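**Q** According to this note's numbering, the sequence shown is numbered sequentially starting from 36.
Ideal placement from N, C-alpha and C gives every residue a C-beta, glycine not left out.
The model shown is predicted, which means the values in this text are computed figures rather than measured ones.
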Amino acid sequence: MVTKNKKLIIFDTDGVIFKSQLLLHLSMHFGILNYVRTLYLCFLFGINYINIRELLEMVYVMFRGLKEEDLWRVYHKMRQVKHAQETIRYIKDRGHCVALISSGVPDFLMKHLSERLKADCGYGIDVKMDNGVFTGKFGGLLASPDGKVQVVEQILKVNKITWDDVIVVGDDRNNLDMMELAKVSIGFNSYYPVRKKAKYLVDSNDLRKVLDYINLEDNPSFDELSSSLRHEISFSWMQEFRRKGVHFGAVLVPFFAGINFSITLNLLMTITALFMFSELLRL
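1. Is the Cβ-Cβ distance between Q120 and K153 less than 8 Å?
2. Smallest Cα separation from E89: which of N209, K232, F169 and I221?
3. Between the Cα of M97 and those of G171, L211 and Q185, spot the shortest distance and give me the residue it belongs to.
4. Pairs of beta-carbons, one from the stretch 237-252 and one from the stretch 58-68, closer than 8 Å: are there three or more?
5. Compute the Euclidean distance between the alpha carbons of K54 and K163, then round it to the nearest angstrom.
6. Leaving out five residues before and five after F173 in sequence, what residues of the same chain have Cβ atoms less than 7 Å from its Cβ?
7. Could you name the residues of the same chain whose beta carbon sits closer than 6 Å to that of N40, not counting the 5 residues immediately before and after it, in chain order?
8. Measuring CA to CA, which of I87, C77 and L74 is closest to G182?
9. Give a yes or no on whether the C-beta atoms belonging to V133 and I44 are separated by under 8 Å.
10. Check Q115 in the structure and name its three-state DSSP category.
11. Less than 8 Å separating the beta-carbons of L57 and V140?
12. Just verifying my parser: in three-state terms, what is the DSSP assignment at G205?
13. Thinking just about the alpha-carbon of each residue, which of Q189, G50, R99 and A178 is nearest to the one in S62?
14. Can you find the residues in the same chain that come closer than 8 Å, C-beta to C-beta, to K178, ignoring five residues on each side of it along the sequence?
15. Going by DSSP, which residues form a beta bridge with V237?
16. Hey, how far is the Cα of A217 from the Cα of G205?
17. So V201 and I221 are supposed to be a Cβ contact under 8 Å. How far apart are they, rounded?
18. For V133, name the three-state secondary structure that DSSP assigns.
19. Do you know how far the Cα of N194 is from the Cα of R108?
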């Protein structure tokens, strides 16, 4: 079935198509200490302490000397979420355009991934190679904080559509600029900044779950609207509980630190370790 209004569906890659982040897998190639450092830098990016450009500069410099064949080897070992190709095929069969965009994956790998999943296009950062060896230098639009918006605007111009025809599926704050401009935003296993802004939330290892909301935006029937409303209500209280819990916990940190600084510090270190362990499980 082909819909009347063509849409552009944008998928982030790390954490949406891939179950984890390519940067973390590449860092493992250089040892556990580099992995921990990269994980820490990703954490700083997640809490808005550094931007995407700063993250890439501090991480990709560690990869200097990496052979192109090693990049391909790590890429092919990346685990994908379930039914990624089937989801993209379903969307395209309805007459929509699918773009895969990443600010952490090299462009030549994104081009291969888009062909592999039968997407319309794929975009990543430009990495500089010298005789098949990574120089540590990178560039391109997607290496800048507003790069994703610029890339999407180029796609919109080619397809003669507007931001009102865009649906963004992402998990981290590097997608927020796109989500604010797009008609619809879907958080997929997303972090707090995205959960706060996204119109819909999906917590699943199955990418097909986003189709419920894409179909809803096509031609919503009363039954679909009712089903979506019930789904949102069932999750809204849990999301709100999580949000308030984070805020309440942050407020209490100075209070507990004043009572017992050592215990509070150990607790914060434990929470950080749990975060790192949860990311490790996604590899």
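**A** Based on what the coordinates show:
1. yes
2. N209
3. G171
4. no
5. 26 Å
6. L91, Y95, I160, D161, V162 and K163
7. none
8. I87
9. yes
10. strand
11. yes
12. strand
13. R99
14. Checking the sequence, you will find Ala at residue 178 rather than Lys. For A178, where only same-chain residues beyond five positions count, the Cβ hits under 8 Å are I87, R88, L91, S138, I160 and D161.
15. F223
16. 12 Å
17. So it is not a contact: roughly 11 Å between Cβ atoms.
18. strand
19. 34 Å
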